[in-house]
Amino acid sequence: MSDNQNLLAEQRRALILDEVRRRGGIRVNELTRKLNVSDMTVRRDLDALARLGVIEKVHGGAVPVVEASTHEPGFEAKSELELSAKEDIARAAAAMAVPGRAIALSGGTTTYALAHHLLDVPDLTVVTNSVRVADVFHAAQPAGTSGGQRAGAATVVLTGGVRTPSDSLVGPVADQAIRSLHFDVLFLGVHGISAEAGLSTPNLAEAETNRRFVRSARRVVVVADHTKWGTVGLSSFATLDQVDTLVTDAGLSAEVREEIVEHLPGLVVAGESADR
Numbered sequence: 001m002s003d004n005q006n007l008l009a010e011q012r013r014a015l016i017l018d019e020v021r022r023r024g025g026i027r028v029n030e031l032t033r034k035l036n037v038s039d040m041t042v043r044r045d046l047d048a049l050a051r052l053g054v055i056e057k058v059h060g061g062a063v064p065v066v067e068a069s070t071h072e073p074g075f076e077a078k079s080e081l082e083l084s085a086k087e088d089i090a091r092a093a094a095a096m097a098v099p100g101r102a103i104a105l106s107g108g109t110t111t112y113a114l115a116h117h118l119l120d121v122p123d124l125t126v127v128t129n130s131v132r133v134a135d136v137f138h139a140a141q142p143a144g145t146s147g148g149q150r151a152g153a154a155t156v157v158l159t160g161g162v163r164t165p166s167d168s169l170v171g172p173v174a175d176q177a178i179r180s181l182h183f184d185v186l187f188l189g190v191h192g193i194s195a196e197a198g199l200s201t202p203n204l205a206e207a208e209t210n211r212r213f214v215r216s217a218r219r220v221v222v223v224a225d226h227t228k229w230g231t232v233g234l235s236s237f238a239t240l241d242q243v244d245t246l247v248t249d250a251g252l253s254a255e256v257r258e259e260i261v262e263h264l265p266g267l268v269v270a271g272e273s274a275d276r
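Counting from 1, one number per residue, gives the positions in the sequence shown under full-length UniProt numbering.
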């Protein structure tokens, strides 16, 4: 890749992580040639990915971390991964939001990115179990509104519940609140998605809360970057035939795209040129 020397650190690290996961491991000297950067730059990138817990450094290179199905990364760790992909997905998903409708946003870093792009969609009613998502809408209110809100601003309902490492509220309180509501569209972030396991999460309580979200939605839109395909958490909470659309990024291989099309009625690949 001739212009990889100009890649931002985040883009380089995303490429490195993809290579490590795809090949099961890679050597430093291979990465320096592929990315056209120095040995020191590659080692700094590997150090950063190792701190996030997504690779393990070995002598001369790196291998992927095989996570337990119960492992649940915190919000801050996940927010550092696939930033460009999440922004592309968020923009594409926001275009599906219709003014004046009732929507739901689950927890996660991709739905958090999406929330920023929904601020300009007028008159939404937003139900969420994500503290971070609710904060996005709250911060957008002008100072000194004394409890009021600007014209066209979203009405936000934050469920109660017990807070998870990803800053989602789950458990019986959240489940009861969601059970009594009905949404036009659910924008759902996931820990993992696969043809066999469907949608899954490492958190048992979050799985039940997500089941409630899915049951209460007329349309389910999953927002997930390409690294989520093939990942399986401890508990499945929905099958693929309960999903209307998957919005993902251009990092998917052709083989995986074919598999997704076989199982899902709608696939949106964000950040990809229309003529590809």
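Glycine residues also receive a C-beta, built at the ideal position from the N, C-alpha and C atoms.
{"Asked": "Could you spell out the range, first to last residue, of the alpha helix (DSSP H) harbouring T248?", "Found": "No alpha helix (DSSP H) holds T248; the beta strand (DSSP E) holding it covers T245 to D249."}
{"Asked": "Which of the three DSSP states is assigned to T70 in this structure?", "Found": "Caution applies to T70, whose pLDDT of 48 falls short of 50 and renders its modelled position unreliable; the value that the coordinates give is listed next. In this structure, T70 counts as coil in the three-state DSSP scheme."}
{"Asked": "Can you pull the DSSP bridge partners for V127?", "Found": "A104 and V157"}
{"Asked": "Would you say the region 49-61 touches the region 206-222, given that touching needs at least three Cβ pairs under 8 Å?", "Found": "no"}
{"Asked": "Can you name the start and end residues of the alpha helix (DSSP H) that F213 belongs to?", "Found": "L204 to R215"}
{"Asked": "Which of helix, strand or coil does DSSP assign to M1?", "Found": "Confidence at M1 is low in this model, with a pLDDT of 39, below 50, so its placement is unreliable and no value can be given for it."}
{"Asked": "Just curious, the alpha helix (DSSP H) that P265 is in, first and last residue?", "Found": "Where P265 is concerned, there is no enclosing alpha helix (DSSP H), given that its DSSP letter is neither H nor E."}
{"Asked": "Can you tell which of A250, I16, G230 and I89 has its C-alpha closest to the C-alpha of K34?", "Found": "I16"}
{"Asked": "One question on the structure: do V223 and A93 come within less than 8 Å of each other, judged by their Cβ atoms?", "Found": "yes"}
{"Asked": "Mapping the DSSP letters down to three states, classify T164 as helix, strand or coil.", "Found": "coil"}
{"Asked": "Quick one: what does DSSP say L181 is sitting in, helix, strand or coil?", "Found": "coil"}
{"Asked": "Using a 10 Å radius around the Cβ and a threshold of 16 neighbouring Cβ atoms, would you call R255 buried or exposed?", "Found": "It is Glu, not Arg, that sits at residue 255 in the sequence shown. E255 should be labelled exposed."}
{"Asked": "Please determine if the region 111-130 and the region 161-176 are in contact, where contact requires at least 3 C-beta pairs separated by less than 8 Å.", "Found": "yes"}
{"Asked": "Would you tell me roughly how many angstroms separate the C-alpha atoms of R12 and E56, rounded to the nearest one?", "Found": "17 Å"}
{"Asked": "Measuring only the C-alpha atoms, how far is S235 from D241?", "Found": "17 Å"}
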